[in-house]
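Engineer: Let me give you the structure first, and then I'll get to my questions.
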Amino acid sequence: MPKSTPIAKAEKKSAGSRRRKKRQAARLSSRHLLGLENMPAADIELIIRTAVSFKDVLDRPIKKVPPLRGMTVVNLFYEPSTRTRISFELAEKRLSADVVSFTTSTSSVQKGETLRDTINNIEAMKTDVVVIRHRYPGAAHYLTRCCNSIVINAGDGAHEHPTQGLLDIFTLWEIFGSLEGKTVVIVGDIAHSRVARSNIFGLVTLGAKVRVCGPPTLIPVGIEDLGVEVYYNLDNAIKGVDAINVLRIQRERQSGAVLPSLREYTKLFGLNRSRLAAAGPDVVVMHPGPINRGVEMTPEVADGPQSVILSQVTNGLAVRMAVLYLLCGGETTVAER
Amino acid sequence: MSVLRQKIMDAAAVRRALTRIGHEILERNGGAKDLVIIGIKSRGAPLADRIAAVIEDIEKVKLPVGYLDITFYRDDFQTAFDQPVVQRTEILFDIAGKTVILVDDVLYTGRTIRSALDALIDLGRPHAIQLAVLVDRGHRELPIRADFVGKNVPTAPTEQVDVRLREIDNADSVIIERGKPRKKRKTPKDNAYIDLDL
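These protein sequence lines are chains A and B, in that order.
Residues in the first sequence are numbered consecutively from 1, following the working numbering.
Residues in the second sequence are numbered consecutively from 338, following the working numbering.
Take a look at the structure:
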């Protein structure tokens, strides 16, 4: 054995600071992902940092890594979806999980089975993670109270769609680096939009300025309490912003006459080339999809150079891989089962 | 419990070991043809840079250097309490058909190297993979051995080998620590974000 050497104080100090850095929390503070409301900035940043690495994996010839090997993920989709369901399924498969997807049209839900019975029966087949989309707000939260699986909310009614909020934030973060002080305007049906709510919660947490813009019938009373500015005129709303997030007009969620006509909506709140030109050449245009072309956005804007709509879709896959990865790791998932 | 620390390599010892490893790599492979150097993050990365610099000094060729993050390939993902922070793999060249010199700081159970082998093979099919480590401390749990070793250090499993490199820690040294207290564990709340009173 070599002789023992005394270690200088300065070196000790640097080792201490390094150890703190090394132990930086590499886990989320919650066991489930239900929404971005009250999610700490550190958790959002951890998901973004992890998503960067998963985006690299997507560019490789072998687009698959093994961390979720042996785990089973159930996708419970009580509402129609293409993008989110395919994105979750691919994310799960690229993490080597076993995947079961469930759509209500071909299941016992048609025979009147309750959500609780459905999940208890599925869980009895030894599954680990449930991804749920449901038309009722709070459905994901309800699941956490009646089953032991890790629950990921893939959209619950008009409440939240956290992975969409995270992928929008990740897309902006890739472009701007930091969201501190950036201004994002969310245009359209704010009242029925879970995407808007998740975006607002996440962006405000990260220090971005958020505006919402739409007809008064589609802006909920008291939305200012979430820390946003309300605009009723699109041209004013997009002045001086860094990004415009255009929402889909969700006619399946609207009851009664909230819009006189789609033509009037398009005239007043549709994003077209001349409005975008007035906003500036560096303004980023986003849309969570599916687009009603020619209603909330003209095709030339949707396919134009300022649109990041397709990179949002790619980023969605990376973000969902990051969320699954971060929620599934660690011994609590084994111990609590 | 008191903590005992012992320095087993200083900056000069680290430099000499890396220089010797550089020579051994060239000798074993008959030159630098088709060699690439890949360091395992975090501390294998600067070591890979330094070995490449040694080889450049001797042979006057610049070898491609990449950095590998093995987090996704760990076998303790579902049991380890603290997940390591995911870092980026930065390998901007094709490893197919190349002889890869895999570099890490400490060789211990061999599980990191097993993960790294899986990660590398997902990137392409190298002609061969050779392993270079600064310290081999024994206690292997898998049939893995190093091709190039800076220093063999007999240790007890309770001891910790702490490699410090100037690129990350502002100093070059290898230290053995004994009697380190175990860290406390914190479990995540079942649901930290929503506090509903139902």
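Even glycine gets a Cβ: it sits at the ideal position worked out from N, Cα and C.
Just so you know, these numbers come straight off a predicted model, no measurement behind them.
1. If contacts are defined as beta-carbon pairs under 8 Å, then residue 505(B) and residue 380(B) qualify, I think. What distance do you get, rounded to the angstrom?
2. Run through DSSP, which three-state label would residue 57(A) get?
3. Are the beta-carbon atoms of residue 211(A) and residue 229(A) separated by less than 7 Å?
4. With 7 Å as the C-beta to C-beta threshold (strictly closer), list the residues of the region 65-78 of chain A near chain B in chain order.
5. Taking Cβ positions only, does residue 459(B) come closer than 7 Å to chain A?
6. Mind the definition here: the region 309-328 of chain A touches the region 486-498 of chain B only if three or more C-beta pairs lie below 8 Å; say whether that holds.
7. Should residue 402(B) and residue 389(B) be called a contact, given that it needs their Cβ atoms to be closer than 7 Å?
8. Which word fits residue 430(B), buried or exposed, when buried means at least 16 other C-beta atoms lie within 10 angstroms of its C-beta?
9. Determine the burial state of residue 346(B): buried for a count of at least 16 other Cβ atoms within 10 Å of its Cβ, exposed for fewer.
10. Residues of chain B with CB closer than 8 Å to the CB of residue 62(A), please, in chain order.
11. Of the choices 193(A), 328(A) and 311(A), whose alpha-carbon is the least far from that of residue 87(A)?
12. So, is the C-beta of residue 103(A) closer than 7 Å to a C-beta in chain B?
13. Answer yes or no: the CB of residue 178(A) versus the heavy atoms of the ligand NAP, is any distance below 6 Å?
14. Could you work out which residues of chain B lie near residue 52(A), taking near to mean beta carbons separated by less than 9 Å?
15. Between residue 100(A) and the rest of its own chain, which residues show a CB-CB distance below 6 Å, the 5 nearest in sequence each way excluded?
16. If you count every other CB in all the chains shown that lies within 10 Å of the CB of residue 233(A), and 16 or more means buried, which is it?
17. Going along chain B, which residues have a C-beta under 7 Å from residue 197(A)?
18. What's the call for residue 41(A), buried or exposed, on a 16-neighbour Cβ count within 10 Å?
19. Between which two residues does the beta strand (DSSP E) harbouring residue 376(B) extend?
20. Name, please, each residue of chain B whose Cβ falls closer than 8 Å to the Cβ of residue 49(A).
21. Which same chain residues, not among the five before or five after residue 18(A), have their C-beta less than 7 Å away from its C-beta?
22. So what does residue 441(B) bridge to, in DSSP terms?
23. Just the Cα atoms here: how many angstroms apart are residue 54(A) and residue 454(B)?
24. Whose C-beta lies closer than 8 Å to the C-beta of residue 446(B) among residues of the same chain, with five residues either side of it excluded?
25. Would you tell me roughly how many angstroms separate the C-alpha atoms of residue 192(A) and residue 118(A), rounded to the nearest one?
26. Can you find a C-beta in chain B that's less than 7 Å from the C-beta of residue 329(A)?
27. Would you mind telling me which residues of chain B sit closer than 7 Å to residue 347(A), beta carbon to beta carbon, in chain order?
28. Under 7 Å between the Cβ atoms of residue 354(B) and residue 461(B)?
29. Quick one: using the 10 Å Cβ neighbour count with 16 as the cut-off for buried, is residue 121(A) buried or exposed?
30. Using the three-state DSSP reduction, which class does residue 223(A) fall into: helix, strand or coil?
31. Drop a sphere of 10 angstroms on the beta-carbon of residue 105(A), count the other beta-carbons inside from all chains shown, and report buried for 16 or more, exposed for fewer.
32. Grab me the residues of residue 92(A)'s own chain with a C-beta within less than 6 Å of its C-beta, minus the 5 sequence neighbours each way, in chain order.
33. Output yes or no for whether 7 Å exceeds the beta carbon distance between residue 319(A) and residue 166(A).
34. Between the Cα of residue 250(A) and the Cα atoms of 127(A), 195(A), 235(A) and 285(A), which residue gives the shortest distance?
Structural biologist: In short, the structure shows the following:
1. 6 Å
2. helix
3. yes
4. 65, 66 and 67
5. yes
6. no
7. yes
8. exposed
9. buried
10. 459 and 460
11. 311(A)
12. no
13. This structure lacks the ligand NAP; in fact it carries no ligand of any kind.
14. 423 and 425
15. 74
16. exposed
17. None at all; the shortest Cβ gap to chain B is about 13 Å.
18. exposed
19. 372-377
20. 422 and 423
21. With a pLDDT of 40 at residue 18(A), under the threshold of 50, the predicted position of this residue should be treated as unreliable, though the coordinate-derived value follows. No residues qualify anywhere along the chain.
22. 470(B)
23. 19 Å
24. 476, 477, 478 and 479
25. 27 Å
26. yes
27. Since the first residue of chain A shown is 1 and the last is 337, residue 347(A) is not available in this structure.
28. no
29. exposed
30. helix
31. exposed
32. 73 and 99
33. yes
34. 195(A)
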